[in-house]
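Numbering-wise (the working numbering), the sequence shown opens with residue 555 and increments by one. First comes the structure, then the notes that go with it.
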Amino acid sequence: MGEAPMFYVENLKDRVSNGFNLRFKGFETSIDVGDKTFVIGSNNNDSISSIEVQIYDKSRGKWVIPTVLGTEPKRYEGHSAILLNEDRIMVITWGSTPDDCIWFLEVDTEYVKQQKKALGTEVIAWSKGVRGDAEKPVVISGPSGVGKGTLINMLMKEFPTMFGFSVSHTTRAPRSIEKNGVHYHFTERSIMEKDIKDGKFLEFASVHGNLYGTSIEAVEAVADSGKRCILDIDVQGAKSVRASSLDAVFIFISPPSMAKLEERLHLRGTETEEQIQKRLRNAKAEIEQGKSLGIFDHILCNDHLEKCYDNLKKLLGLDGTTPTNPKPFTASKGINLPSKHAASKINNKILVKSETLGSGNPSKNSIVLDVSLLKGGAPGRTRGLNVFAVDPNPFSDCLNGIHKLS
Ligand SMILES: Nc1ncnc2c1ncn2[C@@H]1O[C@H](COP(=O)(O)OP(=O)(O)OP(=O)(O)O)[C@@H](O)[C@H]1O
Ligand SMILES: Nc1nc2c(ncn2[C@@H]2O[C@H](COP(=O)(O)O)[C@@H](O)[C@H]2O)c(=O)[nH]1
């Protein structure tokens, strides 16, 4: 069992002599992954810290400040760090709220590898850990005018506490009824391009001549509200999300015919004739790709709206077997950790025990986190954490005498 090394910046004079501008004013932990050392440090401000990561590349003898993706832990008093599977570090923060204390720092996951290639820099990505399995996000895709927005509005109206809409960014001009921050975040192309370059987007695509994209923040905002996230994105976006770690249900909505699609776009009256023709030309390719690329789990034909809506509800398990006014998906239950603790790892179990000395039986304040069934990850949440209490019997082996916390 290996304790995560923890030491204070004063002991790291060699870093300064290596030409690195030392910035941490609190304590830090260091973890070796291959030929890199990840130093996770805190900058104390009135005993509340913000977290920063610096990387020492042993092969090049250089310190690097990486591009940081995802939402990082904020306002905590310290942390323990444990390496999992050589690609991510589990960071357990001290003095955080129960729903904000388990974090994953991805250093070499598929997502991080992709982003390193795309951004041409050293990259790390944060994701918050959540207990058990939250409901999967729902990606709804299909050609313009097929009725995606209409179906999503029906779902949100009938189940307002259950679903949350991922508000995309777009460079297109708002329609008269559209509100900034509700239907879209309407933005300048140059700003959006910079944010894409900075890794703030889960996916983006050029659609009918404008840029559209789903920010990581948009998806996390819905997850934080305890609701199931719905994304309305085009087929290119769905393809990107499929390749990401966002484990979602993918639904393609197809029109009964091209003639009906054209009629709907004309009746909606939000585009010029030229724009409608462009959307129809793109629709042909989207329908072909949607039906053949193997991205989608389900294809629904939106001929009769009510029938299509019923089928959508069936797919989502809302077909009348559930109460008509279901409760929201409970925001994931938090984890009550001792405020100061040390963490150590055996196989896929992390033992977190209280650092407070003289508090009697040490196992009393200990819990075990099972990380064998982790799913998802950056960008988004890392789900599937299981939590066990350690048997308070002082003679029991703490990893045998455990029971699952509900
Ligand atoms: N089954 C249906 N039968 C007839 N009209 C429909 C049906 N479904 C939706 N509509 C209408 O078609 C128009 C387009 O629908 P909607 O705006 O929901 O499409 P969309 O797929 O979200 O389009 P976009 O991708 O451009 O945002 C709307 O006027 C809507 O009222
Ligand atoms: N790849 C993405 N596509 C998106 C996103 N938000 C919306 N869309 C798709 O764009 C078209 C056109 O939408 P409109 O509002 O201009 O009619 C439609 O197919 C949407 O699904 C996004 O974030 N990413």
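We put the CB at the ideal spot given by N, CA and C, even for glycine.
Burial state of residue 817, where buried means 16 or more other Cβ atoms lie within 10 Å: Residue numbering aside, residue 817 sits at position 263 when the sequence shown is read from its first letter. Residue 817 is exposed by the Cβ-count criterion.
Residue 594 and residue 645 closer than 8 Å at C-beta: Here the question's residue 594 lines up with position 40 in the sequence shown. Here the question's residue 645 lines up with position 91 in the sequence shown. A contact, by the Cβ cut-off of 8 Å.
The stretch 666-684 / the stretch 926-942 touching (three or more Cβ pairs under 8 Å): Between the stretch 666-684 and the stretch 926-942, the count of C-beta pairs closer than 8 Å reaches three or more; the two stretches touch.
Where residue 584 falls: helix, strand or coil (DSSP): By one-based count along the sequence shown, residue 584 stands at place 30. Reduced to three states, the DSSP call for residue 584 is strand.
Beta carbon shell of ligand 1 at less than 5 Å from a heavy atom: Residues with a Cβ closer than 5 Å to any heavy atom of ligand 1, in chain order: 698, 699, 700, 701, 702, 703, 704, 818, 822, 856, 859.
Contacts around residue 882, its chain only, beta-carbon distance under 7 Å, and the 5 residues preceding and following it disregarded: By one-based count along the sequence shown, residue 882 stands at place 328. Summary for residue 882: the model assigns pLDDT 39, below 50, so the residue's position carries little reliability, and this model does not support an answer.
Pick from 923, 927, 838 that is closest to residue 811, judged by C-alpha positions: Translated into positions along the sequence shown, residue 811 becomes position 257. Nearest of 923, 927, 838 to residue 811, Cα basis: 838.
Inter-stretch contact at 8 Å, needing at least 3 Cβ pairs: the stretch 841-856 / the stretch 779-798: With the cut-off at 8 Å, the stretch 841-856 and the stretch 779-798 touch.
Status (buried if at least 16 other CB within 10 Å, exposed otherwise) for residue 668: In the sequence shown, residue 668 corresponds to position 114, counting from 1. The residue is exposed, with fewer than 16 neighbouring Cβ atoms inside 10 Å.
DSSP-derived helix/strand/coil call for residue 723: On the sequence shown, residue 723 is found 169 positions in, with the first residue counted as 1. Three-state DSSP puts residue 723 in a strand.
Nearest candidate by alpha-carbon position, reference residue 632, set 604, 613, 658: Looking up residue 632 in the sequence shown gives position 78. Checking every option, the nearest Cα to that of residue 632 belongs to 604.
Residue 664 and residue 670 closer than 8 Å at C-beta: Counting from one through the sequence shown, the residue named residue 664 turns up at place 110. Counting from one through the sequence shown, the residue named residue 670 turns up at place 116. Contact: no.
beta-carbon residue 724 near ligand 2 non-hydrogen atom, thresh 7 Å: Start at 1 with the first residue of the sequence shown, and residue 724 comes out as number 170. For ligand 2, at least one heavy atom lies less than 7 Å from the Cβ of residue 724.
Assigned secondary structure, residue 637 (DSSP; H/G/I helix, E/B strand, else coil): On the sequence shown, residue 637 is found 83 positions in, with the first residue counted as 1. Strand at residue 637.
Beta-carbon spacing of residue 711, residue 801 below 8 Å: Residue numbering aside, residue 711 sits at position 157 when the sequence shown is read from its first letter. Residue numbering aside, residue 801 sits at position 247 when the sequence shown is read from its first letter. Their beta carbons are not under 8 Å apart, which means residue 711 does not touch residue 801 by this criterion.
Exposure of residue 718, with buried meaning 16 or more beta-carbon neighbours within 10 Å: Taking the first residue of the sequence shown as 1, we reach residue 718 at position 164. When all chains shown are included, residue 718 counts as buried.
For residue 692 and residue 805, believed in contact at Cβ under 8 Å, the rounded distance: Taking the sequence shown and counting its residues from 1, one reaches residue 805 at position 251. Taking the sequence shown and counting its residues from 1, one reaches residue 692 at position 138. The pair is a contact, with the Cβ atoms about 7 Å apart (cut-off 8 Å).
Inter-residue CB distance, residue 674 and residue 932 (contact presumed, cutoff 8 Å): For the purposes of this step, residue 674 is taken as the residue at position 120 of the sequence shown. For the purposes of this step, residue 932 is taken as the residue at position 378 of the sequence shown. About 19 Å separates the beta carbon of residue 674 from that of residue 932, a gap too long to meet the 8 Å contact definition.
Under 8 Å between C-beta atoms of residue 786 and residue 733: By one-based count along the sequence shown, residue 786 stands at place 232. By one-based count along the sequence shown, residue 733 stands at place 179. One thing to note: residue 786 has its Cβ no nearer than 8 Å to the Cβ of residue 733.
Proximal residues to residue 649 (C-beta, below 6 Å), its chain only, five neighbours per side dropped: On the sequence shown, position 95 is the one that residue 649 refers to. Excluding sequence neighbours, residue 649 sits near 630, 631, 893.
Residue 718: CB within 7 Å of a non-hydrogen atom of ligand 2: Along the sequence shown, read from residue 1 onward, the residue named residue 718 stands at position 164. Distances from the CB of residue 718 to the heavy atoms of ligand 2 are all 7 Å or more.
Top-ranked residue by Cα proximity to residue 596, from 751, 726, 582, 763: Here residue 596 is taken as the residue at index 42 of the sequence shown, counted from 1. Among 751, 726, 582, 763, the Cα nearest to that of residue 596 belongs to 582.
Whole-angstrom distance between residue 637 and residue 897, CA atom to CA atom: Position 343 of the sequence shown holds residue 897. Position 83 of the sequence shown holds residue 637. Taking C-alpha positions only, residue 897 is separated from residue 637 by approximately 11 Å.
Span separating the alpha-carbon of residue 943 from that of residue 728: Locating residue 943 in the sequence shown gives position 389, where the first residue counts as 1. Locating residue 728 in the sequence shown gives position 174, where the first residue counts as 1. Taking the straight line from one Cα to the other gives about 52 Å.
Distance between beta carbons of residue 888 and residue 651, contact taken as under 8 Å: Along the sequence shown, read from residue 1 onward, the residue named residue 651 stands at position 97. Along the sequence shown, read from residue 1 onward, the residue named residue 888 stands at position 334. That pair is a contact at about 7 Å.
Ligand 2 heavy atom lying under 7 Å from the CB of residue 758: If you number the sequence shown from 1, residue 758 lands on position 204. Within the cutoff, so yes.
Exposure label - residue 753; buried when at least 16 CB within 10 Å: Position 199 of the sequence shown, counted from the start, is the residue given in the question as residue 753. By the neighbour-count criterion, in which a residue is buried when 16 or more other Cβ atoms sit within 10 angstroms of its Cβ, residue 753 is buried.
Cβ shell of residue 784 (< 6 Å), same chain only, five flanking positions each side left out: To locate residue 784, count along the sequence shown from 1; it is residue 230. Excluding sequence neighbours, residue 784 sits near 692, 706, 717, 719.
Beta-carbon proximity check, residue 698 vs residue 819, cutoff 8 Å: Taking the sequence shown and counting its residues from 1, one reaches residue 698 at position 144. Taking the sequence shown and counting its residues from 1, one reaches residue 819 at position 265. With respect to residue 819, residue 698 sits close: the two C-beta atoms are nearer than 8 Å.
Residue 761 Cβ short of 7 Å to ligand 2 heavy atom set: For this step, residue 761 is matched to residue 207 along the sequence shown. Inclusion of residue 761 in the 7 Å shell around ligand 2 follows from its C-beta lying nearer than that to a non-hydrogen atom of the ligand.
Counted within 10 angstroms of its Cβ, other Cβ atoms place residue 911 as buried (16 or more) or exposed: Taking the sequence shown and counting its residues from 1, the one referred to as residue 911 is at position 357. For residue 911, the pLDDT reaches just 46, beneath the cut-off of 50, and the residue's location in the model is therefore unreliable, leaving the point undetermined.
C-beta neighbour in chain E for residue 626, strict 8 Å: Note that chain E does not occur in the displayed structure, where there is just one protein chain.
Sequence-distant residues of the same chain with beta carbon closer than 6 Å to residue 590, five excluded per side: Here residue 590 is taken as the residue at index 36 of the sequence shown, counted from 1. 609, 611, listed in sequence order.
Contacting residues, own chain, Cβ-Cβ under 6 Å from residue 740 (five flanking each side not counted): Your numbering for residue 740 matches position 186 in the sequence shown. The answer, listed in chain order, is 728, 734.
Ligand 2 heavy atom lying under 7 Å from the CB of residue 787: Mapped onto the sequence shown, residue 787 falls at position 233. Yes, the beta carbon of residue 787 sits closer than 7 Å to at least one heavy atom of ligand 2.
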